[in-house]
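Our numbering applies: residue 21 is where the sequence shown begins, and numbers increase by one. Some notes on the structure that comes next.
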Amino acid sequence: MPDRPQGAAAFEGLDESAWEALCDGCGKCCLHKLEDEDSGEVYLTAVACRFLDQESIRCQCYPERQKRQPACLVIRPDAFPEIARMLPHTCAYRLTWEGKPLPDWHPVRQKGSQVQMQLCGHSVRDRVISEDRLEGEPDEDEWQALIIGEWSPL
Ligand code: SF4
Ligand code: SF4
21 MPDRPQGAAA FEGLDESAWE ALCDGCGKCC LHKLEDEDSG EVYLTAVACR FLDQESIRCQ
81 CYPERQKRQP ACLVIRPDAF PEIARMLPHT CAYRLTWEGK PLPDWHPVRQ KGSQVQMQLC
141 GHSVRDRVIS EDRLEGEPDE DEWQALIIGE WSPL
């Protein structure tokens, strides 16, 4: 029996600021993903959305992200449970939905600081390339080669 609420109950009582604070700023959700049609498994690749600022790891078109990037995952409470499997296992929204505690490096446990998140190797900064730098659309084999699987912290 979990000691934390799971599912929709886990998000109850979170106001907008608490909801936004759940994002650790890792940028993993902004990586292109491949989905195994048979198993439904989702794999992260080392290619980031062109709108992800590679220095700040922030979206450069946040208010209109869905219009500018149709594949963008807009993360809201009512997007669960469908969206959960598309998020990395370390994503605080996914962890919260699953009733799991946030890791010690999470900014919520670090007075809002992302330093520990970065030091623990969870930021995509310097580890991925922007899709703008790809020379043409990769074919299926090339996408497969770009899979980084479940994120391995440094
Ligand atoms: S994966 Fe989750 S915690 Fe990380 S940036 Fe995306 S929404 Fe925020
Ligand atoms: S458009 Fe979506 S996927 Fe692209 S950087 Fe912004 S939030 Fe991330």
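For glycine and all other residues, C-beta sits at the position ideal for the given N, C-alpha and C.
Using beta-carbon positions only, say whether V67 and S143 come within less than 9 Å of one another. no
Taking 8 Å as the cut-off, is the C-beta of A68 nearer than that to any heavy atom in ligand 2? yes
Beta-carbon within less than 7 Å of M106's beta-carbon, same chain only, minus the 5 sequence neighbours each way: which residues are those? K53, V62, L93
Completely contained alpha helix (DSSP H) runs for the stretch 38-95, where each covers 4 or more residues: 85-88
Contact test: K48 Cβ vs ligand 1 heavy atom, cutoff 8 Å: yes
Can you have a look at L64 and say buried or exposed, based on whether 16 or more other CB atoms are within 10 angstroms of its CB? buried
Do F71 and R88 have their CB atoms nearer than 9 Å? yes
In whole angstroms, what is the alpha-carbon distance linking L34 and Y82? 21 Å
What's the gap between the Cα of L51 and the Cα of F31? 25 Å
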